[in-house]
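See structure below.
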Amino acid sequence: KQEVTQIPAALSVPEGENLVLNCSFTDSAIYNLQWFRQDPGKGLTSLLLIQSSQREQTSGRLNASLDKSSGRSTLYIAASQPGDSATYLCAVTTNKLIFGTGTLLAVQP
Amino acid sequence: DVKVTQSSRYLVKRTGEKVFLECVQDMDHENMFWYRQDPGLGLRLIYFSYDVKMKEKGDIPEGYSVSREKKERFSLILESASTNQTSMYLCASSPATSGMWDEQYFGPGTRLTVT
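The listed protein sequences derive, respectively, from chains P and C. Under my numbering, the first residue of the first sequence carries the number 505, and numbering increases by one thereafter. Under my numbering, the first residue of the second sequence carries the number 7, and numbering increases by one thereafter.
Okay, structure coming up:
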């Protein structure tokens, strides 16, 4: 059974710091991996999708990497801003979408 | 912009009541989904639908049913609400042109409390 884990559960950093969020999954048989952002009172917004054949994807200050063989992905956020404060979820696609429990990020001004 | 709306942001119901959660999407998406989100458990799939009147069970369908009479609307029904169904419920939709699970657009969620 595929399990997706995100560590840490919560993270607080000062503004301007570069940071890394981690996601691990137990079964490497995935089609792709996505990173989502969730703001309070709002739904999830997809940030990046990495196909299983890819190693990384970039969007602005965000860079996501995927190491399928080791079952790991990281989301790198450069020069963090208070507006980056949110919960970040990773999810893998097998025959459905399986989510991790998320990392709550707080960027302090 | 794709818009997925859910009928209520907050809902309080009593144990045993029949509860309807409504979800509407305005982008003519074929696929629609219902998830619940609980602390420490993440999002879990309750039901999904790939066409009008078609439905498939997800991981935790017990205690729930769904209805999809029109393409844009997907309803989640709690036949007899129980306290363990207190949760955040999220609806999503995706187009048939992409992988069903890839391009999901989420609604804002309904926080349901069953007392």
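Where a beta carbon is used, it is the ideal one built from N, C-alpha and C, also for glycine.
Item	Value
Can we say the stretch 105-114 of chain C touches the stretch 545-558 of chain P, given the rule of at least three CB pairs closer than 8 Å?	yes
Quick one: what's got a C-beta closer than 8 Å to P:T598's C-beta in the same chain, skipping five residues either side?	Q506, D531, A533, I534 and Y535
My output table needs one value for C:Q91: the three-state DSSP class, helix, strand or coil.	helix
Determine the direct distance from the alpha carbon of P:A513 to that of P:T607, and round the result to whole angstroms.	5 Å
How long is the line joining the alpha carbons of C:S86 and P:P613, rounded to whole angstroms?	46 Å
Are P:L609 and P:A590 closer than 8 Å when you measure CB to CB?	yes
Just the Cα atoms here: how many angstroms apart are C:E62 and P:G520?	45 Å
Can you check which of these residues, C:L27, C:Y53, C:D32 and C:V10, is closest to C:T92 by C-alpha distance?	C:L27
Is C:R74 buried or exposed, if buried means 16 or more other CB atoms sit within 10 Å of its CB?	buried
Any beta carbon of chain C sitting closer than 8 Å to that of P:K572?	no
Please classify P:S557 as buried or exposed, where buried requires at least 16 neighbouring CB atoms within 10 angstroms.	exposed
Under the rule that 16 or more other beta-carbon atoms within 10 Å means buried, what is P:Q585, buried or exposed?	exposed
In terms of DSSP beta bridges, what is P:Y580 paired with?	P:V524 and P:N567
Which value, in whole angstroms, describes the spacing of the CA atoms of P:Q542 and P:L593?	8 Å
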